[in-house]
Amino acid sequence: MLKIPRFSRFGLIHCRRFSSEPSPSDGYRFEPPGTQFREDRIPKQSDVVVIGGGIIGWSVAFWIRYLAKTTVTVIERDPTLSRASSLLGLGNVRTQFSEAENIQMALFTAEFLRDIEEQLSVTDDSLPDINFNPHGNLILADDKNVSQMKENYQLQAALEVPNRLMVPEEVEKRWPWINTTDISLASYGDRNEGWFDPWLLVRAVRNKAHTFGANYVVGEVNGFTFYRSLTRTTFQDRPLRAPLDAPKLNEVVVRTPLGDVEKIAFHLVVNCAGAWSGDILNMAIANIQEDVMPLPLEKRKHNIFIVRPDYSQSSAAFPGIDCPILLDSSGLMLQRQGLTGDFAVCMNPSMPREGKPANSENLEVDYSEYHEHIQPLLAKRIPSMATSHIQSAWACFNDYNPVDQSLIVGQHPYLYNMIMATGASGLGIQHAIPIGRAVAELVHYKHYKSIDLTRFSFDRFYLKAPFAEKSVF
Numbered sequence: 001m002l003k004i005p006r007f008s009r010f011g012l013i014h015c016r017r018f019s020s021e022p023s024p025s026d027g028y029r030f031e032p033p034g035t036q037f038r039e040d041r042i043p044k045q046s047d048v049v050v051i052g053g054g055i056i057g058w059s060v061a062f063w064i065r066y067l068a069k070t071t072v073t074v075i076e077r078d079p080t081l082s083r084a085s086s087l088l089g090l091g092n093v094r095t096q097f098s099e100a101e102n103i104q105m106a107l108f109t110a111e112f113l114r115d116i117e118e119q120l121s122v123t124d125d126s127l128p129d130i131n132f133n134p135h136g137n138l139i140l141a142d143d144k145n146v147s148q149m150k151e152n153y154q155l156q157a158a159l160e161v162p163n164r165l166m167v168p169e170e171v172e173k174r175w176p177w178i179n180t181t182d183i184s185l186a187s188y189g190d191r192n193e194g195w196f197d198p199w200l201l202v203r204a205v206r207n208k209a210h211t212f213g214a215n216y217v218v219g220e221v222n223g224f225t226f227y228r229s230l231t232r233t234t235f236q237d238r239p240l241r242a243p244l245d246a247p248k249l250n251e252v253v254v255r256t257p258l259g260d261v262e263k264i265a266f267h268l269v270v271n272c273a274g275a276w277s278g279d280i281l282n283m284a285i286a287n288i289q290e291d292v293m294p295l296p297l298e299k300r301k302h303n304i305f306i307v308r309p310d311y312s313q314s315s316a317a318f319p320g321i322d323c324p325i326l327l328d329s330s331g332l333m334l335q336r337q338g339l340t341g342d343f344a345v346c347m348n349p350s351m352p353r354e355g356k357p358a359n360s361e362n363l364e365v366d367y368s369e370y371h372e373h374i375q376p377l378l379a380k381r382i383p384s385m386a387t388s389h390i391q392s393a394w395a396c397f398n399d400y401n402p403v404d405q406s407l408i409v410g411q412h413p414y415l416y417n418m419i420m421a422t423g424a425s426g427l428g429i430q431h432a433i434p435i436g437r438a439v440a441e442l443v444h445y446k447h448y449k450s451i452d453l454t455r456f457s458f459d460r461f462y463l464k465a466p467f468a469e470k471s472v473f
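Just so we're aligned, residue 1 is where the sequence shown starts under full-length UniProt numbering, counting upward by one.
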């Protein structure tokens, strides 16, 4: 029987956690991961604390333990992830971007998912399956987006991404249910692209991180403590930057489900709290007298509708089993849902939001978005779906970066022992695996070794140098 090394803990206090790790009296043996809600122990100390138990948080924990035996603890207040975009998103993977870093991350995600059984298997009889659908992404461009699509394609080709451009006649021939009257060009990726079940990936990464020794604490972060004196920090990866004398975070304050308040000391903390990442940073800078820039992040509500066409129209052409993810220049997105004949439809979160609040605090579905915006666009692009009926709907919060709609990753420029990994603006589920590896590289090597994500750093907001992804969708 394979033996799993146990994670060392200090100052043990009872807390609850999902875990596959046996108690000391059980000996070292495997049990089906994630099948029980166990009593476990919260450490007094952990080398790295990860705040947020969504897909990015667990990917960070997985890669940290993969690279070395650094102790890592993941803190999540909601073990069901009932409001997390990790579970409520649509699980799209695409390589059709305008920036090399996004393309490289997507390629690594595709490679990782192809080898998922080798990467994330825990036992021989429990192989991970994320229900991957390899039907790719079809992006449609109107006249004003053609030049950008061609520029994107050239970069993708230079990075050996086998996407292809299609004229409207080719699109109509392959997918006769698409109306291309106002479409000038299309980009299709049928390799390294598709979609999957987000929950199955979260569970697989979490279970593997558990077997690697990551600790899981269910609780809510209430604040931080600091070392009493300022700490001088030098920047090995940025030699032109002067040393900084700044406060250093020491402990995270956690309130458990039982109401107990405990502290975990750490060397580094990783902010992976998604739409709530700004709240976490605000707690850290609340008692700092210097003017520290808050995280430019919105808790943007994203409505997703499951619709079914009226199949009684026997002469109409409907999307079928070969339907790719359709990304329209209007911001409309359509994705097939299994084999039931239903489709998920939604709008690109970055589209203009006249009359909509920047931040939302409730997840009530806004059905007016479907009737006033989505349905007219759907009827125009796919005439056979003009009379589609809503079968179900839900909403999730995106950690939306309104400055440039791009990821924020790397060390905070003032709180240097806090690493940010947030602001994915809807792309977190597909970039989570390379984001986790990048953060783990910062933890272990103090710089990136695989994909250089320097341009995603928090520093760009101080320097007024936005990182703007210019993909058509």
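Beta carbons are placed, not taken as given, at the ideal position from N, Cα and C, and that holds for glycine. This one's a predicted model, so the numbers in the text were calculated from it and none came from an experiment.
Item                                                                                                                             : Value
Residue burial classification, residue 154 (beta-carbon count within 10 angstroms, cutoff 16)                                    : exposed
Residues bridged to residue 188 (per DSSP)                                                                                       : 138 and 164
N- and C-terminal bounds of the beta strand (DSSP E) containing residue 343                                                      : 342-347
Integer-rounded CB distance, given that residue 99 should sit under 8 Å from residue 469                                         : 5 Å
Proximity winner among 438, 412, 215 and 89, relative to residue 348 (alpha-carbon distances)                                    : 89
Terminal residues of the beta strand (DSSP E) in which residue 305 lies                                                          : 298-308
Residue 400 - DSSP class collapsed to helix/strand/coil                                                                          : strand
Local conformation of residue 12 per DSSP, three classes                                                                         : The pLDDT assigned to residue 12 is 28, lower than 50, so where the model puts this residue is not dependable, and the model offers no usable value.
Cutoff 8 Å; reference residue 95; Cβ partners in own chain excluding five residues on either side                                : 103, 106, 107, 110, 156, 161, 163, 189, 192 and 193
Contact belief for residue 495 with residue 86 at Cβ below 8 Å, rounded distance in angstroms                                    : Shown here, the chain extends from 1 to 473; a query on residue 495 therefore has no answer.
Residue 387 versus residue 127: straight-line alpha-carbon distance, rounded                                                     : 41 Å
Chain-order list of residues whose beta-carbon lies under 7 Å from that of residue 84 (same chain, five-residue window excluded) : 54 and 274
Buried or exposed by the 16-neighbour rule on C-beta atoms within 10 Å, applied to residue 227                                   : exposed
Distance CB(residue 334)-CB(residue 343) smaller than 8 Å                                                                        : yes
Proximity below 8 Å, CB of residue 364 to CB of residue 218                                                                      : no
The region 424-436 / the region 55-69 touching (three or more Cβ pairs under 8 Å)                                                : yes
Continuous alpha helix (DSSP H) stretch holding residue 435: start and end                                                       : 428-445
Identity of the residues DSSP links to residue 263 by a beta bridge                                                              : 253
Proximity winner among 346, 434 and 414, relative to residue 294 (alpha-carbon distances)                                        : 414
Outcome for residue 396 when other beta-carbon atoms lying within 10 angstroms are tallied against a minimum of 16               : buried
Straight-line gap, residue 184 to residue 336 (C-alpha atoms, nearest Å)                                                         : 24 Å
Cβ neighbour criterion (16 or more within 10 Å) applied to residue 291                                                           : exposed
Chain-order list of residues whose beta-carbon lies under 6 Å from that of residue 68 (same chain, five-residue window excluded) : 444
Whether residue 284 touches residue 230 by CB criterion (8 Å)                                                                    : no
Short Cβ contact (8 Å threshold) for residue 122 with residue 215                                                                : no
Coarse secondary structure for residue 76, derived from DSSP in three states                                                     : strand
Three CB pairs or more closer than 8 Å across the region 131-142 and the region 321-330                                          : yes
Own chain partners of residue 223 with C-beta closer than 7 Å, once the 5 adjacent residues on each side are dropped             : 253 and 283
Residue 401 beta carbon less than 8 Å from that of residue 423                                                                   : yes
Presumed contact (8 Å Cβ cut-off) between residue 186 and residue 171, rounded CB distance                                       : 5 Å
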